[in-house]
Every structure is written in structure tokens, then in C-alpha cells.
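Letter by letter, the sequence shown follows residues -21 to -1, 1 to 607 of mature numbering (1 follows the signal peptide of the UniProt record, and there is no 0).
No residue lacks a Cβ here, since even glycine has one placed at the ideal position from N, Cα and C.
Values in this document were obtained by computation on a predicted structure and should not be read as measured data.
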Amino acid sequence: MHPITFIVLFAALLYPPFAQADWLDSTLGQPVHEASHHVTLSLNEGIATYKVQRTFANTGEIPDEAVMLVNLPEGAAASGLRIRAGKVWYEGELLKRDVAARRYEELTGMGVADLRDPALLAWSSTDTLELHVFPVPAMGTATLEYTLVAPAKWDDGEWLIDYAPSDDAENLAPITLSVECEKCSVEVEGRLVGAFGPTALGHGPEAERQIRITPPNELAMYFGTTRFAALSATHAYHQVAVPKRLSDSPVAPKVVFLVDASYSVGARGIQTQIEWILSIASHMPDGLFKLVEVGREIYDVTQTYYSLPELQELLATWTADLTNGSNLDLGLEYARFALKDESPAYIFAFTDDYLKRAINTEKLPVKSEITTQILLIGESWGRQDEHRLAQVSKATGGILVGMGSVADAETYAEHLVRPIMLEDVNIEDIPMETNILMEGESHRFFGRLDTPVTGILSAKLWHDEVKLSPRRHVDLDRATAGWMFSHDEYHHLSEKEQIRLAFAAGVVSPHTSYLAIEPGVRPSKQGIDRGMGMGGFGASGVGYGSSGLAIGRSSTHERPDFFSKIVGSCAAAFPGENGKIEVHTTIHEIVDVIVQSPENQYTQCVSEDVWATRLPTSAVETYAVYRL
């Protein structure tokens, strides 16, 4: 097994089940549960925006704090938080992580003022957030809303949106969804639903939560960059979304198939032509077809036009009479005459290109409305615009291709009936691994670029030139900056640049958190006695020693420090080196060790020694984060 594969599988086995889903607990042990969970989803410029409104209820006897680990949609960043008091919403403020944590601790501690509701949304990892709200009143509720932005995934001509994979915990509410998208069709878990109207998502661990949104049928391209944040390096997000259909099928076309019946083709070549004819005709179910053998002379096999079933019946038993000669010029002349008054009309001419020298290929092209496709027998699939016969097709808007195998016919035959792919695709300044994009496909790039980017797309749709400039929007620039954190692309930046990037994007990050409070909040007379503090939540994220957050029941005694000896030993072994490391634990198991600064000998020493540590059974916190 490849070592990287082994590491990924091993890490997946270490994570507990709740790390894959939202997880809710209370600090003081009161029966706090989620009463409602509604998501409003919108799409704009390739950005999926989730407005997630959640209400927590407390059926206990005293106010308590709701503590949640929020599982994020793929690639999502948190860009807002607000809290509701009565009918009024109060917007949250993005603050440095330690400042937000300190204010939250002050607001939720023991005091003499009337109760108010603060909420805190903080970083846990690239795909999870830590959410705190206090108080959830006894026999009452607390409601908040946070905003997530994620790059929408394009799949088979539709936007494919995901939401939390599992919510099997008994204290979590079923999810309802509303989609805001004009001129779109919306499908949720295979059910067609109305846009804007709420619909229930499946509940429990088996729920797929797959949301498909079909926008208007058009080629679109989106482009965002972090250049506005003035960083030492620029990242860009670029996506091309090819629509479900690039063209329409012809209606009741008349078609002539010119079969190369020369000796050089052989019986096997005839059979391959038959298979291609059947594949092409299957994409013209209402068409009428004529079959013509081309050798030294022209022989009209059908004499008249056949329907698709009649053609299929004929080809089930038909065998060409092979002859000398390959007079393609006579075949084209005959087909053009037969179709001269027909529309839409097609000629599909098969040839192995062993033609007599007397044929003047320069005189073969005739500008015509009869779409003419040339298929080269014995050549691998692909268009050949430089071939000497290519102008025959180009003069009619068609293309010349290597015919390829029977298997290729199943994939590409429709492309000869109507264009189903963009070819010769190039995007300026953006790396691509292919120059073909099929209907419904996308090309997405997210990464560092060292030069200014135009992102202009050029391609061919048969012989029509396609050019498209990307849509630029300030929202996509901001989202791109935020996705630097959710895509784990920020480690090369200095701490100052990370902070500047987070504030420019307006997102939660390892250095920033959202705090939402009612105006005039002061410490409450009913609060949480935190003893030694918040156990490091939020405030420990940037150089505050080895304390961490316990997502679970609080404790008034000082939390044990399991890793100080390791830190001291590695610091002594590698003097002058330092770094920031985050250790995640569940009960008495270490589940992740994340180096949050450039790796060096010190961070490698600490990481290896931490992984080798066996936590004592006295470590009982359900989920804890230690920052070293």
C-alpha cells in the first residue's frame, strides 16, 4: 500500500463518529436540545451561501450554555453570525480570537446585571466550527444564525450542494431547507421541490442530503482572486461550468451514410462502419436514412429513405460487396444531389483515406447547409483539423475525426450529430490537464498564481469559435480569500498576513472569531463559574500556552496538562526553534495533531512525541483542543 494511502485510512479510523456530524452538549448539564434547524440556500456567481438558523431549547431548571461542534459543508467558510432577542436580530462582529473569547467569558461569568444573550463562533479546524451560546433560559429558547459560503460544485450540468452528512443524535432537530434561486429547478434527495418553499431534509445517519439545482442553460465562468488583500502571494479561484446541453438535436433530419466499400477496408472495417452508423442513427430517432456504398462506382443500397427501425433491420444482415476503387468524390456528389432540397440534412462519409491521386481534394469542399462529417477509418478518435480532407467538413460547419473503435462510438457518436463538447479548450494563465470539456462538466482551479490572471476561455464548438471572459465580482473575491482557510491554503502566510486575510474576507479563522451580543451587555447575575477560565477556548488559539477547549461538561478544577514535558524536551533538543501545534483529543484518545506554523525539527519532535503519548484514563473530556 502506498504510504500516503495508509496514513489517510489510519487517520479516518481514529476519528470518532461524531466528528463527521454536528454535536451538541450543555456546560452545566441541563437537558439542552436543538428545537429547530433551518437552512436558506442561495446561489450567486458560483458561491453557495447558507444562512443557518438554529434554535436551542432548555427543559432544565437553570439557564445553561449550549456548546456545539458544527460540521461544515465541503470547502465552506463562516462569514457571519447574528443572535435574536425577541423579534430583533443583532449582528455579530469579527474580532481577534483572543479578544472575542475574553469578551464572551466576561459576558457569561457570574455578575449582577440582567441576562443578555452572547454567542461565539470560533475556528476548530478546516471543516468544523465551535459554537457557544449563553444563556439558554430554563424552560426557554435561544436563537442564532450563522452564514457559510462555499464553492458550489458543478456536476452533470447542475449545481450539486451538500449539507451536513449526519444528524443521528437525539438532541438534534430535523433540518428544513429553502432555496432562493430564480429560473432554477430544485431537486432535494431525488425529489423535485419548489424554489423558495421550505422542504424537509432526510433525518438520521443514512440521509444523503444531496441538493441539485439546475440553472438556465448557459456556459458560465467565475473568477475570484485574493489580490485585493495585498498578500505576499496571490491565490485565485476559477471555475468553468459547461451547461447540460451545448446544442439542440436536429428535428426529422435526412441523412446519407457513405460507406467505404473498398478492398483496403476489409470485412472488419465494414463491421466497424456499421456499428458507427447504428450509434449515430440512434441519436436521430426521427430521422430518415439512405445507405450508399462507395467503391469504383456508387451503389445506393436503400434506393429510398429508411426509418431508424428499418435501417437497424437492414444492417442486422447487410454485408457490403467489396470492390476496387474509393471514389469519395463521386459519393459526396451523389449525396449532395440527394439532399439538395432537404433541411436539416447530414452526410456521414467514411473513408480509409486510400484515395486515387487523381482526386483533387482542393475541389472537394463545397459550401453548403448540408452538414458533412468525415470519419477516418483506422485512426484513433479525435478531430484532425489539419487533415487534407478537413476542409470538406469545415465548409459545411462539420468536422473531420479519426473514427476510433466501436467503444468510442458509444461515447462520441452523438458529437457528430450535434456538438456535445468544447474542444481545443484553453484558459489563459490557468493550468489545465485536458483540452476537452464535455456537456455538464466543469473545470475548477484553486491555487497560487505568481502572475496576473486574465482567465479568458477560448474553445471550439465544432468549428464555431467560443470566447468567454470570466465574471468578476467583489463577493467572489472575498469568498476566495475566505476559502484560503477552509481549503487549508494559508500556512505559507505569516501570522500577520493570516489575520489581514481573515478580516479582509470577513471569516472565522485560526486567528478570528465572531461574537454576537445584545447592546449594553454586562456580566449576568446568572452565569457560569469557570474557575480557571474557559479552558483555553478561543483565547488559547494564538500563543496562549497549552490550554484547550473542552467541548462537553465544564469542570471547576484545573485541567491536567499532558504535554508540557514533551514541549520542554523538544525545546531543549532544538534550541532557537519554535512553532504552534494543535492537539485534538476525545476522552483519552489523541485523534489529530495539526502543525499550524511552518514545520521544523521542533514541531516534528513535538508531533511525533505527542502521537506516541498514551493519555491516562483520567482524561475524560468528550472533545478537547490543546494548543502547544
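Residue 603 to residue 176, Cα distance in whole Å? By one-based count along the sequence shown, residue 603 stands at place 624. By one-based count along the sequence shown, residue 176 stands at place 197. If I take the Cα positions, the gap works out to 39 Å.
Helix, strand or coil: how does DSSP classify residue 206 here? Start at 1 with the first residue of the sequence shown, and residue 206 comes out as number 227. Three-state result, residue 206: helix.
Does the Cβ-Cβ distance between residue 310 and residue 328 come in under 9 Å? Residue 310 sits at position 331 when you count from the first residue of the sequence shown. Residue 328 sits at position 349 when you count from the first residue of the sequence shown. Contact flag set, yes.
Out of 135, 381, 471, which has the shortest C-alpha to C-alpha gap to residue 578? For the purposes of this step, residue 578 is taken as residue 599 along the sequence shown, with counting starting at 1. The candidate whose alpha carbon is nearest that of residue 578 is 471.
Going by CA-CA distance only, name the one from 201, 224, 34 that's closest to residue 151. Locating residue 151 in the sequence shown gives position 172, where the first residue counts as 1. Nearest option by C-alpha distance: 34.
I'd like to check one pair, residue 249 with residue 301: are the Cβ atoms closer than 9 Å? For the purposes of this step, residue 301 is taken as residue 322 along the sequence shown, with counting starting at 1. For the purposes of this step, residue 249 is taken as residue 270 along the sequence shown, with counting starting at 1. In this structure, residue 249 lies closer than 9 Å to residue 301 by Cβ.
Under 9 Å between the Cβ atoms of residue 354 and residue 380? In the sequence shown, residue 354 corresponds to position 375, counting from 1. In the sequence shown, residue 380 corresponds to position 401, counting from 1. Yes; because the gap between Cβ atoms is below 9 Å, this pair is in contact.
Which parts of the segment 194 to 278 are runs of the beta strand (DSSP E), unbroken and 3 residues or longer, counting only runs that do not cross its ends? 199 to 204, 213 to 220, 233 to 239, 267 to 273
Can you name, in chain order, every residue of its own chain whose Cβ lies under 6 Å from the Cβ of residue 231, other than the five neighbours on each side? Translated into the one-based positions of the sequence shown, residue 231 becomes position 252. These residues qualify, in order along the chain: 265.
Give me, in chain order, the residues of the same chain whose beta-carbon lies closer than 6 Å to that of residue 423; leave out the 5 immediate sequence neighbours on both sides. In the sequence shown, residue 423 corresponds to position 444, counting from 1. Correct list, in chain order: 218.
At least 3 beta-carbon pairs within less than 8 Å: the segment 324 to 343 vs the segment 285 to 292: no
Hey, would you say residue 297 sits closer than 9 Å to residue 253, going by beta carbons? Taking the sequence shown and counting its residues from 1, one reaches residue 297 at position 318. Taking the sequence shown and counting its residues from 1, one reaches residue 253 at position 274. Result yes, Cβ atoms of residue 297 and residue 253 sit closer than 9 Å.
Residue 117 beta carbon less than 9 Å from that of residue 43: By one-based count along the sequence shown, residue 43 stands at place 64. By one-based count along the sequence shown, residue 117 stands at place 138. Yes, Cβ-Cβ distance for residue 43 and residue 117 is below 9 Å.
Count the other C-beta atoms from every protein chain shown that fall within 10 angstroms of the C-beta of residue 518, then say buried if there are 16 or more, exposed otherwise. For this step, residue 518 is matched to residue 539 along the sequence shown. Confidence in residue 518 is poor, its pLDDT being 38 and thus under 50, which makes the residue's placement unreliable; the coordinate value appears in the next sentence. When all chains shown are included, residue 518 counts as buried.
Beta carbon of residue 189 nearer than 9 Å to that of residue 203: For the purposes of this step, residue 189 is identified with residue 210 of the sequence shown, where counting begins at 1. For the purposes of this step, residue 203 is identified with residue 224 of the sequence shown, where counting begins at 1. No, they are not a contact pair.
Starting from residue 395, follow the alpha helix (DSSP H) in both directions and report where the run begins and ends. For the purposes of this step, residue 395 is taken as residue 416 along the sequence shown, with counting starting at 1. From DSSP, the alpha helix (DSSP H) with residue 395 extends over 385 to 396.
Taking the beta strand (DSSP E) that residue 441 falls in, what are its first and last residues? By one-based count along the sequence shown, residue 441 stands at place 462. First-last for residue 441: undefined, no H or E at that position.
What is the residue span of the alpha helix (DSSP H) that residue 311 lies within? Numbered from 1 along the sequence shown, position 332 holds the residue referred to as residue 311. From DSSP, the alpha helix (DSSP H) with residue 311 extends over 307 to 317.
Where residue 581 sits in the DSSP three-state scheme: Translated into positions along the sequence shown, residue 581 becomes position 602. It is helical.
With residue 115 and residue 26 assumed to form a contact (beta carbons below 8 Å), what rounded beta-carbon distance in angstroms separates them? Against the sequence shown, residue 115 aligns to sequence position 136. Against the sequence shown, residue 26 aligns to sequence position 47. Not quite, the Cβ-Cβ distance comes to about 32 Å (not below 8 Å), so this is no contact.
If you reduce the DSSP assignment to three classes, tell me which class residue 329 lands in. Against the sequence shown, residue 329 aligns to sequence position 350. Strand.
Rounded to whole angstroms, what is the Cα-Cα separation between residue 396 and residue 575? Position 417 of the sequence shown, counted from the start, is the residue given in the question as residue 396. Position 596 of the sequence shown, counted from the start, is the residue given in the question as residue 575. In a straight line, the C-alpha of residue 396 is about 54 Å away from that of residue 575.
Note the first and the last residue of the continuous alpha helix (DSSP H) segment covering residue 462. For this step, residue 462 is matched to residue 483 along the sequence shown. Residues 453 to 465.
So the beta strand (DSSP E) residue 29 belongs to, where does it begin and stop? Walking along the sequence shown from the start, residue 29 turns up at place 50. 26 to 37 is the span of the beta strand (DSSP E), which, as asked, contains residue 29.
Quick check on DSSP: helix, strand or coil for residue 541? Numbered from its first residue, the sequence shown carries residue 541 at position 562. Note: residue 541 maps to coil in three-state DSSP.
The beta strand (DSSP E) with residue 98 in it runs from where to where? As a first step, residue 98 must be located in the sequence shown, where it is residue number 119. Start and end: 98 to 104.
Using the Cα positions of residue 234 and residue 267, report the straight-line distance between them to the nearest angstrom. Looking up residue 234 in the sequence shown gives position 255. Looking up residue 267 in the sequence shown gives position 288. Cα to Cα, residue 234 sits roughly 6 Å from residue 267.
Could you name the residues that DSSP lists as bridge partners for residue 17? Taking the sequence shown and counting its residues from 1, the one referred to as residue 17 is at position 38. According to DSSP, residue 17 bridges with 32, 155.
Given a threshold of 16 other Cβ atoms within 10 Å of its Cβ, counted over all protein chains shown, does residue 316 qualify as buried or as exposed? Locating residue 316 in the sequence shown gives position 337, counting from the first residue. With fewer than 16 other Cβ atoms within 10 Å, it is exposed.
For residue 166, which residues in the same chain have their Cβ closer than 6 Å to its Cβ, ignoring the five residues on either side in sequence? What you label residue 166 is simply residue 187 of the sequence shown in a count that begins at 1. Taken in chain order, the residues that qualify are 191.
Nearest residue (CA-CA) to residue 61, options 122, 215, 281: Translated into positions along the sequence shown, residue 61 becomes position 82. Nearest option by C-alpha distance: 122.
Buried versus exposed, by CB contacts within 10 Å (16 or more), residue 345: Counting from one through the sequence shown, the residue named residue 345 turns up at place 366. The residue in question, residue 345, is exposed, as its Cβ has fewer than 16 Cβ neighbours within 10 Å.
Inspect the CB distances between the segment 459 to 468 and the segment 43 to 57 and report whether three or more fall short of 8 Å. yes
Environment of residue 568 [buried if 16+ CB atoms lie within 10 Å]: As a first step, residue 568 must be located in the sequence shown, where it is residue number 589. Residue 568 comes out exposed.
Continuous alpha helix (DSSP H) stretch holding residue 82: start and end: As a first step, residue 82 is located in the sequence shown; it is residue number 103 there, counting from the start. Segment 76 to 87, the alpha helix (DSSP H) holding residue 82.
Sheet register partners of residue 126 (DSSP bridge): For the purposes of this step, residue 126 is taken as the residue at position 147 of the sequence shown. Its beta-bridge partners are 30, 59.
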